[in-house]
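Chemist:
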Amino acid sequence: MKSKMLVYLGIFVGSIILLSLYGFWVATHPPKYITNLTPKDLGWKFEDITLTTSDGVKLAAWFVPAGKSSDKVIVLLHGYPADKANLLGWAEFLHQDFNLFFLDFRYFGSSEGNITTIGLQEQKDLEAAIGYLQEKGVDKIGAMGFSLGGAVAIIVGAKDGGIGAIVSDSAYASLSDMSKVYYKNLWILEYPLSALTALWSKIFLGATPSKISPEKAARSLGIPILLIHSRKDQIIPFENALKIEEALKQNQEAQFLFLEKGTHGALPSQVLEEYEKTVLEFFMKHL
Numbered sequence: 255m256k257s258k259m260l261v262y263l264g265i266f267v268g269s270i271i272l273l274s275l276y277g278f279w280v281a282t283h284p285p286k287y288i289t290n291l292t293p294k295d296l297g298w299k300f301e302d303i304t305l306t307t308s309d310g311v312k313l314a315a316w317f318v319p320a321g322k323s324s325d326k327v328i329v330l331l332h333g334y335p336a337d338k339a340n341l342l343g344w345a346e347f348l349h350q351d352f353n354l355f356f357l358d359f360r361y362f363g364s365s366e367g368n369i370t371t372i373g374l375q376e377q378k379d380l381e382a383a384i385g386y387l388q389e390k391g392v393d394k395i396g397a398m399g400f401s402l403g404g405a406v407a408i409i410v411g412a413k414d415g416g417i418g419a420i421v422s423d424s425a426y427a428s429l430s431d432m433s434k435v436y437y438k439n440l441w442i443l444e445y446p447l448s449a450l451t452a453l454w455s456k457i458f459l460g461a462t463p464s465k466i467s468p469e470k471a472a473r474s475l476g477i478p479i480l481l482i483h484s485r486k487d488q489i490i491p492f493e494n495a496l497k498i499e500e501a502l503k504q505n506q507e508a509q510f511l512f513l514e515k516g517t518h519g520a521l522p523s524q525v526l527e528e529y530e531k532t533v534l535e536f537f538m539k540h541l
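Quick note: the sequence shown, position 139, residue 393 per my numbering, numbers continuous.
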């Protein structure tokens, strides 16, 4: 009887380990969301750009000149698991006044990469974009990111002096929090699975999810930031925004737009008007 119980226990523990490995693999190798659009579909001129990161990954990007002469560039950063083309409609209202730089994070879109690290190595991707623009003589650089992109913008903005202002929309506070959300429907298995995911992250990525934390980075962020989040967001819950807001309490140039309507990446038209007006005024003031 005792030996049979040990066998059952071994099977249970082994199943948990395999399930956590599978979950980790799926999270770092999601299906790619490819948008079959280019700036040309909006009637915009654009240039195809290829960047190389500090660790040798080739990234795809677009440079779209502003509708009128401008020396300011906003880097657009997509969410997970989307691509740069997914942001064309989102950023259309900025085109008249700002040059736009659309970036595919590694693994996604047309960029190289065999894995997404959901905010760790993607920091190098944004740093490569900033470095490229600086080499071209651009010194007024903003970053606007959604979800994963918003998280990366905060982390890099806290350590890279090349970014002058950030709009972060629907960012997570810590990847460890998102790990718990990822497994939330598995009830009591949430905690062992989250712990094992942290272990796999440490082994395969070199950092635990808790180290990938916009919340921690925000404490030392000294540049203007506009933090946006819907209170109805069910993908990245609103509590994430509250944590980042608290971390930004020493930043006198932090602004907040917390929306009563809309979900993750989907806003009704009446909210969208306020959204675009607030973002445009923010960048006009701080870049």
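Don't be surprised by glycine CBs; every beta carbon is placed ideally from N, CA and C.
Please read these numbers as outputs of a predicted model, since none were measured by experiment.
Are Phe592 and Leu480 touching if we call contact CB-CB under 8 Å?
Modeler: Residue 592 falls outside the range modelled here, since the chain spans only 255 to 541, and no answer is possible.
Chemist: For the putative contact between His518 and Ser424, defined by C-beta atoms under 8 Å, what is the C-beta separation to the nearest angstrom?
Modeler: 6 Å
Chemist: Could you work out which residue in Asp337, Ala320, Leu526, Ala383 is closest to Thr306 when comparing CA atoms only?
Modeler: Ala383
Chemist: With DSSP as the reference, label Ser257 as helix, strand or coil.
Modeler: helix
Chemist: Which runs of the beta strand (DSSP E) at least 3 residues long sit entirely within the stretch 343-392? Give them in chain order.
Modeler: 353-357
Chemist: Does DSSP put Lys326 in a helix, in a strand, or in coil?
Modeler: strand
Chemist: So which of Val435, Leu450, Leu313 has the shortest CA-CA distance to Gln377?
Modeler: Leu313
Chemist: For the stretch 275-283 against the stretch 449-457, are there 3 or more C-beta pairs whose distance is under 8 Å?
Modeler: Yes, the stretch 275-283 touches the stretch 449-457.
Chemist: Tell me whether the beta-carbon of Leu534 lies closer than 8 Å to the beta-carbon of Val525.
Modeler: no
Chemist: Helix, strand or coil for Gln524, going by three-state DSSP, please let me know.
Modeler: helix
Chemist: Could you pull out every residue in the same chain whose Cβ sits closer than 6 Å to the Cβ of Ser365, ignoring the five residues on either side in sequence?
Modeler: Leu313, Ala314, Asp358
Chemist: How would you label Trp441, buried or exposed, when you count the other beta carbons within 10 angstroms and need 16 or more for buried?
Modeler: exposed
Chemist: Work out the CA separation of Leu380 and Ser484 for me, nearest whole Å.
Modeler: 25 Å
Chemist: Ignore the nearest five residues each way along the sequence and tell me which others in Ala345's own chain have a CB closer than 8 Å to its CB.
Modeler: The answer, listed in chain order, is Ile328, Leu330, Leu354, Phe356, Met398.
Chemist: Classify Trp316 as helix, strand or coil using the three-state DSSP reduction.
Modeler: strand
Chemist: Quick one: Cα of Tyr529 to Cα of Ile271, how far?
Modeler: Approximately 43 Å, taken between the alpha carbons.
Chemist: When DSSP builds the beta bridges, which residues end up paired with Ala508?
Modeler: Ile479
Chemist: In whole angstroms, what is the alpha-carbon distance linking Asp309 and Gly411?
Modeler: 20 Å
Chemist: How about the stretch 485-492 and the stretch 459-472: do they share at least three Cβ pairs that are nearer than 8 Å?
Modeler: No, they do not touch.
Chemist: Name the one or two DSSP bridge partners that Val421 has.
Modeler: Met398, Leu480
Chemist: Between the alpha carbons of Ser324 and Lys539, how many angstroms are there, rounded?
Modeler: 14 Å
Chemist: For the candidate residues Thr532, Lys326, Leu496, Ile477, whose alpha-carbon lies nearest to that of Trp428?
Modeler: Correcting the residue identity first, residue 428 is Ser in this sequence and not Trp. Comparing C-alpha distances from Ser428 to each of Thr532, Lys326, Leu496, Ile477 shows the shortest one belongs to Leu496.
Chemist: Are Val318 and His349 close, meaning C-beta to C-beta below 8 Å?
Modeler: yes
Chemist: Excluding the five sequence neighbours on either side, which residues of its own chain have a C-beta within less than 8 Å of the C-beta of Lys299, listed in chain order?
Modeler: Pro293, Val318, Pro319
Chemist: Would Ile288 pass as a contact of Gly363 if the rule is Cβ separation under 8 Å?
Modeler: yes
Chemist: Let me know the secondary structure DSSP gives Asp302 once reduced to three states.
Modeler: strand
Chemist: Suppose the cutoff is 8 Å on Cβ atoms and the five residues either side in sequence are ignored; what does the same chain contact list for Ile409 look like?
Modeler: Gly373, Gln377, Ile466, Ser467, Pro468, Ala471
Chemist: How many Å lie between Gly268 and Lys434 at the Cα?
Modeler: 20 Å
Chemist: Residues in its own chain within less than 6 Å of Val392 by CB, not counting five upstream and five downstream?
Modeler: Val327
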